[in-house]
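This report concerns only the one structure given below.
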Ligand SMILES: Cc1cc2nc3c(=O)[nH]c(=O)nc-3n(C[C@H](O)[C@H](O)[C@H](O)COP(=O)(O)OP(=O)(O)OC[C@H]3O[C@@H](n4cnc5c(N)ncnc54)[C@H](O)[C@@H]3O)c2cc1C
């Protein structure tokens with residue numbers, strides 16, 4: 114019998130657990146450890162954050178799904194990994210601190226034969242004083258945050274209805290943030306909703322980002338085919354903003370958020386201030402802070418995890434200049450190099466380097482996006498690793514499957530409005546996510562599969578995907594046929 118433990122019931126971990134269960138006979142155990150008892154389809158938090166969906170539309174209770182699927186669930190937070198076991202326990206195990214019950218805080222040791230770390234990001238609001246829902250800005254990273262963001266947003270709408278002008282500041286709250294695509298999508302939705310509420314003339318909408326140019330999205334920007342022409346994502350994004358009267362501030366590191374004001378540094382080293390009535394600023398991400406110990410109890414966290422807290426896998430982490438970065442630096446199997454029975458997928462794995470060119474401001478502050486690990490590749494990694502582990506457990510002679518971001522494409526559909534008829538979406542596809550200049554020349558991506566457009570079709574796809582992915586997360590009949 115094999116014990117497979119999955120840390121995290123998010124997009125990567127939940128997908129991995131479902132596929133493991135599908136592949137493995139009952140005598141093998143699949144255990145999910147996650148702090149919340151619900152799955153959150155995070156991409157739709159954008160719609161919760163403007164009040165057009167509620168939290169219950171974007172979450173799936175885990176217990177009924179796991180009971181039906183015969184997956185064990187520990188509601189808790191993994192805090193330690195003991196990959197060599199310890200003096201008191203011969204085999205490898207994780208330590209979880211229980212959450213969400215009377216046993217909150219109690220430690221539980223969970224042995225494993227295979228471990229998948231899919232614990233996602235820590236939302237590091239503390240990196241910027243005043244950032245986040247406990248400070249002065251909103252977030253849409255969790256469904257709880259998004260609900261609070263919606264309340265604050267709708268209060269602004271009411272003030273505009275009573276004749277007051279409001280400044281809406283949307284973007285990222287630190288120079289090293291990732292997830293610019295999510296902030297971009299949110300600003301389009303805010304702008305759309307302001308028009309729907311007939312108060313657009315009362316609002317100044319400003320996008321603030323650490324990208325040197327909008328349209329970078331943490332993937333170094335892209336060139337896309339549109340109506341027979343090749344355009345840069347900068348032109349594409351700027352046109353969308355210009356048409357909608359959205360202003361933008363680029364190359365910005367938010368240094369402090371106060372009531373109604375942010376202070377930020379730009380790439381030229383200058384410091385500026387921007388007032389706001391409503392701010393939604395995404396935080397930077399780090400790993401969730403899991404520690405690792407060897408058999409003697411010596412802390413080996415720095416061997417297993419990168420300094421940013423994400424887990425090292427089969428990537429090339431050699432420090433080298435930007436010009437020498439290669440697509441082949443990126444991991445393919447998501448397997449820890451020292452402990453081959455440990456994997457890290459989704460946001461939890463440590464990227465070898467950024468995708469966008471790293472930039473320092475004139476005064477030495479880092480202001481450039483960290484690499485995104487978006488939903489589609491995260492779920493694919495979860496499936497691929499689950500299938501590889503199942504092959505090992507079942508002794509199947511199958512060459513290991515791969516899911517390198519330099520070999521995977523991604524589709525980004527940035528909606529503007531959730532309504533079936535009035536909503537539109539800016540849709541972009543790219544292949545591969547990590548540009549490969551050896552295979553695809555000047556642009557680094559295959560232009561046959563890298564394109565963008567705005568219209569209703571992308572919007573309908575996005576809306577349809579919401580329902581399909583919620584269906585899949587509930588493991589309803591034939592769920593596995595829905596692609597990631
Ligand atoms: C607002 C927003 C909108 C987005 N929109 C899109 C989009 O339109 N398209 C797209 O492709 N991507 C989108 N993304 C990105 C996408 O949500 C992420 O790529 C995806 O959620 C990553 O999956 P994950 O499983 O790695 O992490 P998560 O989905 O964050 O899951 C991590 C899981 O681990 C759990 N966990 C945390 N700590 C621990 C611990 N110590 N032990 C065990 N478990 C733990 C968490 O509770 C959670 O269940 C968006 C992101 C945001 C924030």
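Residue numbers (this note's numbering): 114 to 597.
For glycine and all other residues, C-beta sits at the position ideal for the given N, C-alpha and C.
It should be emphasised that the depicted structure is a prediction, and the values quoted were computed from it without experimental measurement.
Nearest Cα to residue 250 within the set 481, 297, 285 and 458: 285. In the DSSP secondary-structure assignment, residue 370 is bridged to 375. Rounded to the nearest whole angstrom, the C-alpha separation of residue 220 and residue 550 is 48 Å. Distances from the CA of residue 570 to each of 526, 482 and 260 were compared; the closest alpha carbon is that of 526. Minimum Cα-Cα distance from residue 418 among the listed residues 403, 429, 407 and 411 corresponds to 403. For residue 141, no beta strand (DSSP E) run applies, since DSSP gives it neither H nor E. The C-beta distance from residue 491 to residue 460 rounds to 7 Å, short enough to fall under 8 Å. The closest heavy atom of ligand 1 lies 6 Å or more from the beta carbon of residue 275. Residue 291 is not a Cβ neighbour of residue 326, given a cutoff of 7 Å. When secondary structure is reduced to three states using DSSP, residue 525 falls in the strand class. Burial state of residue 296 is buried, judged by a 10 Å Cβ sphere holding 16 or more other Cβ atoms. With 16 or more other Cβ atoms inside 10 Å of its own Cβ, residue 563 counts as buried. Annotated three-state conformation of residue 127 is helix, per DSSP. In this structure, ligand 1 has a non-hydrogen atom nearer than 6 Å to the beta-carbon of residue 158.
Considering only 141, 156, 133 and 229, the residue with the shortest C-alpha distance to residue 147 is 229.
Contact between the region 369-387 and the region 345-360 is not established, with fewer than three Cβ pairs separated by less than 8 Å. Taking the Cα positions, residue 304 is about 22 Å away from residue 372. Between the C-alpha atoms of residue 321 and residue 237 there is a straight-line separation of about 18 Å. The three-state secondary structure of residue 555, taken from DSSP, is helix. Taking 6 Å as the cut-off, the C-beta of residue 535 does not count as close to any heavy atom of ligand 1. Here the alpha carbons of residue 574 and residue 533 stand approximately 10 Å from one another. Relative to the Cα of residue 193, the nearest Cα in the group 206, 187, 183 and 393 belongs to 206.
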